[in-house]
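Report on the structure given below.
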Amino acid sequence: MKNKDNIRFSRRNFIKTSALASGGLLIGFNFLTACKESAQPPVDISKLNFNDFNAFIKIADNGYVTIFSPNPEIGQGVKTSMPMIIAEELDVPWEHVSVQQGVLDTENYQRQVAGGSQSIRFGWDALRQTGATAKQMLVNAAAANWVVDTTSCTASNGVIKNNSGETLGYGDVVNEAALMEVPENVTLKSPKDYKIIGKDAINVDMDAIITGKPLFGLDYTAEGMKYVSVARPPAFGQKINSYDATEAKTVKGVNDVIQFGDKIAVLASSTWAAMKGKKALKIDWANDGDLESSSDHNNELNKILDSNKLDVRREDGNVEKAFAEADKIIERTYESPFLPHNCMEPMNFYANVTDSKVHLVGPIQTPAGTARRIANLIDRNEEDIHLEMTRMGGGFGRRLYGDFALEAAEISNITKRPVKVIFSREDDMAAGIYRPAIKYRIKASIKDGEITGYHLKEAAINSNMYGLIPNFFPAGAIANYKVETGNYQSNITTGAWRAPYTNFLAFAEQSFFDQLAEELKMDPIQLRLDLLSNVEDGKDPSIEYSAKRMTDTIKLVADKSHWGKNNNDTYQGFAAYYSHNTHVAEVVDISIKNGIPMVEKVTVAVDCGIVVNPTGAKNQIEGGVIDGIGHAMYGDFSFENGKPQDVNFNTYRLIKMKETPIVETYFVENELSPTGLGEPGLPPAGGALANAIKAATGQVLTKQPFIKELNKRKTDLSV
-2 MKNKDNIRFS
8 RRNFIKTSAL
18 ASGGLLIGFN
28 FLTACKESAQ
38 PPVDISKLNF
48 NDFNAFIKIA
58 DNGYVTIFSP
68 NPEIGQGVKT
78 SMPMIIAEEL
88 DVPWEHVSVQ
98 QGVLDTENYQ
108 RQVAGGSQSI
118 RFGWDALRQT
128 GATAKQMLVN
138 AAAANWVVDT
148 TSCTASNGVI
158 KNNSGETLGY
168 GDVVNEAALM
178 EVPENVTLKS
188 PKDYKIIGKD
198 AINVDMDAII
208 TGKPLFGLDY
218 TAEGMKYVSV
228 ARPPAFGQKI
238 NSYDATEAKT
248 VKGVNDVIQF
258 GDKIAVLASS
268 TWAAMKGKKA
278 LKIDWANDGD
288 LESSSDHNNE
298 LNKILDSNKL
308 DVRREDGNVE
318 KAFAEADKII
328 ERTYESPFLP
338 HNCMEPMNFY
348 ANVTDSKVHL
358 VGPIQTPAGT
368 ARRIANLIDR
378 NEEDIHLEMT
388 RMGGGFGRRL
398 YGDFALEAAE
408 ISNITKRPVK
418 VIFSREDDMA
428 AGIYRPAIKY
438 RIKASIKDGE
448 ITGYHLKEAA
458 INSNMYGLIP
468 NFFPAGAIAN
478 YKVETGNYQS
488 NITTGAWRAP
498 YTNFLAFAEQ
508 SFFDQLAEEL
518 KMDPIQLRLD
528 LLSNVEDGKD
538 PSIEYSAKRM
548 TDTIKLVADK
558 SHWGKNNNDT
568 YQGFAAYYSH
578 NTHVAEVVDI
588 SIKNGIPMVE
598 KVTVAVDCGI
608 VVNPTGAKNQ
618 IEGGVIDGIG
628 HAMYGDFSFE
638 NGKPQDVNFN
648 TYRLIKMKET
658 PIVETYFVEN
668 ELSPTGLGEP
678 GLPPAGGALA
688 NAIKAATGQV
698 LTKQPFIKEL
708 NKRKTDLSV
């Protein structure tokens, strides 16, 4: 096949590159919001890499298109939805598109991250520009071929047409397009003209997933690779005193045993041999710090809540005066435990450290940051590191941290072998990183039938809510409003867990608002709507949410759930919450069976702007709701003398298939830019469930997991 011209386009440069061996055209676009000013184009076309501010399009002679998806795929669907945005503006049939996962490029591009539900939000404009620019260049090439004005040409479904009725496919002009000047301004589609965005699309990996193709990190293998199982301290606050690997080295398949830091790695020819070898190790662990217990944490968090030396995160009006003048003060304290992430696919990573390069492959939410940490750890240049992202069997924040990737790189660097570190389920649950245990104390004042003051205190292990959260609802809705935080520093490692902080705070606040509604003898939904009416969008730029969008979302869920109109055997609970730039309202319907609440249905209304892929969007909401209900109801995790008390699913309770409800999702229709969906469905779920349980049983729940409180009530009633 003859060589084809290939080009890499930018708003700042127009550079011809090498030919593709397979034919066709590779087009890439770097926009100022993502591309570093000093970025230079790679010399070898095979090394082009992509992120969510940048996309590369490969157009074959037959007009079929390959789109490289830039961001890590953890089940949130970006490998499908991000290419959909490009394909829409490129105006090619979705069935003519194939998608490939991009790899990390730390030299030219930024923000290849799966976190904060921000991939689509940040990539929206640049991805549209990418597709539209490529389309315009193809149109310009066709116009030049016909010797007509470009304004007389249109493109649709991969075909360009002129006023005379002549047509050319994208593949017919792809080489000429490579020589065209990059247009500075292109016209983006109106949402009313979308053919792909807003239509259901099947996950691009679906066939590979259901047929068992090697997509996930655990599937990856390489020639000469050794499997590694790592022995880590069994308790936080311990380190290695000494160890004996004699028996471990006799296990068939074990190749080597090494110590690195306070860990011991067993290298073997199979996963089973590595894990068996680890069990044969004889290790003497010594105390090297505090061996903390959950009872200690409980006492420390209470001390923080009782303290007057907290950090003020937001303060409006005069809360102390409102409480002093109140007719009544309502106060509640809400408690949540640590939680592990429990990804279906345990942590794993491949590393091959050689003198020429560092080859990394695996499931990671933060490839750039992880590569940078590995470079520092083994004293290598970042340019030496090549990192490939695999699909992930769940992330939920756990794979933001990359500790497992650092272990793999360090072991490979020491042994000079390609290795793959694999966690067992016990490793996964016992090694950290956890959702921190948190307590919230909320106090509100009532005067003349109105809420006049609101004071929220947060006491957390290791860290506190990020800076935007104090500006979420009810900020701005109550004149006298104060948020304070404090933390207890623990040696138990904690970090982000799906919808950090709001995953529990939403339950606490939304449950508390139902208590206020009961005190004021108001419908819970009407109370929220009345408070939102106090907020004028845009008046206070620090307010994160939109009162109008939240109001519309609440009204939609009230309508679709038939709020207040269900039969006597069904009890309803409501919650609404804004997080990750998205407004969500939920109504939980429950029935009581054998004295225990059973969730029958959850109705969800969402304002996330334009919905790129409705099927994927609904999957995200349904997953978040079930995750939120399951962990609020059952999730419990504790420590005794630094040691986790649960290390597998025989004792750690998750929601079961038979306990999962029907989830009906409705989207507020508008033409606003898309916002996040991976996390916002989770926070309101616990609050709506707690409020439904209160409606059914009269029991106010203030501690997670709810099942403990419900079982206690059931026992008390039977006595």
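So in the working numbering, the last spot in the sequence shown is 716, and the numbers never skip. Glycine included, every Cβ here is placed at the ideal spot set by N, Cα and C. Bear in mind that the values here come from a model prediction, so they are computed numbers and not experimental data.
Cβ pair ALA456, ARG525 closer than 8 Å: Here residue 456 refers to the residue found at position 459 of the sequence shown. Here residue 525 refers to the residue found at position 528 of the sequence shown. Cβ distance not < 8 Å, so ALA456 and ARG525 don't count as in contact.
Residue from GLY473, PRO681, HIS628, SER78 whose Cα sits closest to the Cα of GLY535: Here residue 535 corresponds to residue number 538 of the sequence shown, with the count starting at 1. Among GLY473, PRO681, HIS628, SER78, the Cα nearest to that of GLY535 is on GLY473.
DSSP-derived helix/strand/coil call for ALA496: The sequence position of residue 496 within the sequence shown is 499, counting from 1. Residue state for ALA496 is assigned as coil, using DSSP reduced to three classes.
Identity of the residues DSSP links to CYS605 by a beta bridge: The residue you call residue 605 lines up with position 608 of the sequence shown. Looking at the DSSP assignment, CYS605 forms no beta bridge with any residue, so it has no partner.
Option in TYR451, ASP445, TYR431, ILE430 with minimal Cα separation from ARG438: Within the sequence shown, the letter at position 441 stands for residue 438. Each of TYR451, ASP445, TYR431, ILE430 was checked against the Cα of ARG438, and the nearest Cα belongs to TYR451.
Limits of the unbroken alpha helix (DSSP H) element including HIS628: Sequence index remark: in the sequence shown, residue 628 carries index 631 (1-based). That run of the alpha helix (DSSP H) goes 611 to 631.
Nearest to MET272 (by Cα), restricted to the options TYR191, LYS249, ARG388: Your numbering for residue 272 matches position 275 in the sequence shown. Closest by alpha carbon: LYS249.
Contained beta strand (DSSP E) runs [length at least 3] in the stretch 384 to 471, N- to C-terminal order: Fully contained in the stretch 384 to 471 are the following beta strand (DSSP E) runs of length 3 or more, in chain order: 416 to 419, 435 to 444, 447 to 458.
Closest Cα partner of LEU298 within the set ILE193, TRP282, LYS436, HIS383: Within the sequence shown, numbered from 1, the residue matching residue 298 stands at position 301. Of the candidates ILE193, TRP282, LYS436, HIS383, the residue whose Cα lies closest to the Cα of LEU298 is LYS436.
ILE466 and ASN484 closer than 8 Å at C-beta: As a first step, residue 466 is located in the sequence shown; it is residue number 469 there, counting from the start. As a first step, residue 484 is located in the sequence shown; it is residue number 487 there, counting from the start. Not a contact, by the Cβ cut-off of 8 Å.
Where ASN564 falls, given that 16 or more other Cβ within 10 Å makes a residue buried: Walking along the sequence shown from the start, residue 564 turns up at place 567. Looking at its Cβ environment, which holds fewer than 16 other Cβ atoms inside 10 Å, ASN564 is exposed.
Own chain, CB closer than 6 Å to ILE589, minus 5 neighbours either side, in chain order: Within the sequence shown, the letter at position 592 stands for residue 589. Scanning its chain for C-beta atoms nearer than 6 Å, with the 5 sequence neighbours on each side dropped, one finds around ILE589 the residues ALA693, in chain order.
Bounding residues of the beta strand (DSSP E) (the contiguous stretch that carries TRP282): Counting from 1 along the sequence shown, the entry for residue 282 is found at position 285. Counting along the chain, the beta strand (DSSP E) containing TRP282 begins and ends at 279 to 284.
Buried or exposed (CB count within 10 angstroms, at least 16 for buried), ASN578: The count along the sequence shown starts at 1 and reaches residue 578 at position 581. ASN578 comes out buried.
Cβ contact check for the stretch 605 to 622 and the stretch 151 to 160: 3 or more pairs under 8 Å: Because the criterion of three Cβ pairs below 8 Å is not met, the stretch 605 to 622 and the stretch 151 to 160 do not touch.
Backbone secondary structure at TYR61 - three-state DSSP: Here residue 61 refers to the residue found at position 64 when the sequence shown is read from its first residue. In the structure shown, TYR61 adopts coil according to DSSP, grouped into three states.
Cβ shell of GLY128 (< 6 Å), same chain only, five flanking positions each side left out: Position 131 of the sequence shown, counted from the first residue, corresponds to residue 128. Around GLY128: ILE83, GLU86, LEU87.
C-alpha gap between PRO67 and GLN362, whole angstroms: Taking the first residue of the sequence shown as 1, we reach residue 67 at position 70. Taking the first residue of the sequence shown as 1, we reach residue 362 at position 365. Going from the Cα of PRO67 to the Cα of GLN362 covers about 12 Å.
Cβ-Cβ distance between LYS236 and ASP293 below 8 Å: Here residue 236 is taken as the residue at index 239 of the sequence shown, counted from 1. Here residue 293 is taken as the residue at index 296 of the sequence shown, counted from 1. Result no, Cβ atoms of LYS236 and ASP293 do not sit closer than 8 Å.
For VAL144, three-class secondary structure by DSSP: One-based indexing of the sequence shown puts residue 144 at position 147. Coil at VAL144, not helix or strand.
SER715, DSSP secondary structure in three states: Translated into positions along the sequence shown, residue 715 becomes position 718. Low confidence applies to SER715: its pLDDT is 44, below 50, so where it sits in the model is not reliable, and the reading given next is rough at best. In the structure shown, SER715 sits in a helix (DSSP, three-state: H, G or I).
Pairwise C-alpha distance: ILE551 and ARG369: Taking the first residue of the sequence shown as 1, we reach residue 369 at position 372. Taking the first residue of the sequence shown as 1, we reach residue 551 at position 554. Taking the straight line joining both Cα atoms gives about 44 Å.
Pick from LEU135, ALA140, THR164, GLU220 that is closest to VAL179, judged by C-alpha positions: Looking up residue 179 in the sequence shown gives position 182. Of the listed residues, the one whose Cα sits closest to VAL179 is LEU135.
Secondary structure of HIS338, DSSP reduced to three states: By one-based count along the sequence shown, residue 338 stands at place 341. In this structure, HIS338 counts as coil in the three-state DSSP scheme.
Alpha-carbon to alpha-carbon, LEU403 and ILE280: By 1-based counting over the sequence shown, the position of residue 280 is 283. By 1-based counting over the sequence shown, the position of residue 403 is 406. For the pair ILE280 and LEU403, the Cα-to-Cα distance works out to about 23 Å.
THR77 beta carbon less than 8 Å from that of ASN200: By one-based count along the sequence shown, residue 200 stands at place 203. By one-based count along the sequence shown, residue 77 stands at place 80. The answer is yes: Cβ separation under 8 Å.
Reference LEU278, options GLN523, VAL263, SER267, VAL358, closest by Cα: On the sequence shown, residue 278 is found 281 positions in, with the first residue counted as 1. Per the Cα distances, VAL263.
CA-to-CA distance, LEU698 to LYS691, given in whole angstroms: For the purposes of this step, residue 691 is taken as residue 694 along the sequence shown, with counting starting at 1. For the purposes of this step, residue 698 is taken as residue 701 along the sequence shown, with counting starting at 1. In a straight line, the C-alpha of LYS691 is about 7 Å away from that of LEU698.
Helix, strand or coil at ARG525 according to DSSP, with G and I counted as helix: One-based indexing of the sequence shown puts residue 525 at position 528. Residue state, collapsed to three classes: helix.
Spatial neighbours of ILE64 in its chain, beta-carbon cut-off 7 Å, leaving aside the 5 residues before and after: In the sequence shown, counting from the first residue as 1, residue 64 sits at position 67. Excluding residues within five positions, the ones whose Cβ falls inside 7 Å are ALA52, ILE54, PRO80, ILE83, ALA84, VAL94, VAL96.
Start-end ranges of the alpha helix (DSSP H) lying completely within the stretch 214 to 263, minimum 4 residues: Listed in chain order, nothing qualifies, since the stretch 214 to 263 has no complete alpha helix (DSSP H) run of 4 or more residues.
Identified DSSP bridge partners for HIS356: In the sequence shown, counting from the first residue as 1, residue 356 sits at position 359. Beta-bridge pairing links HIS356 to ASN349, HIS383.
Environment of GLN133 [buried if 16+ CB atoms lie within 10 Å]: Working through the sequence shown from its first residue, we reach residue 133 at position 136. Around the beta carbon of GLN133, a 10 Å sphere encloses 16 or more other beta carbons of the protein chains shown; the residue is thus reported as buried.
THR130, buried or exposed, once every other Cβ within 10 Å from all chains shown has been counted against 16: Looking up residue 130 in the sequence shown gives position 133. By the 16-neighbour rule on beta-carbons within 10 angstroms, THR130 is buried.
Where the beta strand (DSSP E) containing LYS300 begins and where it ends: Translated into the one-based positions of the sequence shown, residue 300 becomes position 303. Taken as a continuous stretch (DSSP letters only), LYS300 belongs to no beta strand (DSSP E), being part of the alpha helix (DSSP H) at 291 to 303.
Presumed contact (8 Å Cβ cut-off) between PRO337 and TYR431, rounded CB distance: Here residue 337 corresponds to residue number 340 of the sequence shown, with the count starting at 1. Here residue 431 corresponds to residue number 434 of the sequence shown, with the count starting at 1. About 6 Å separates the two Cβ atoms, so the contact holds.
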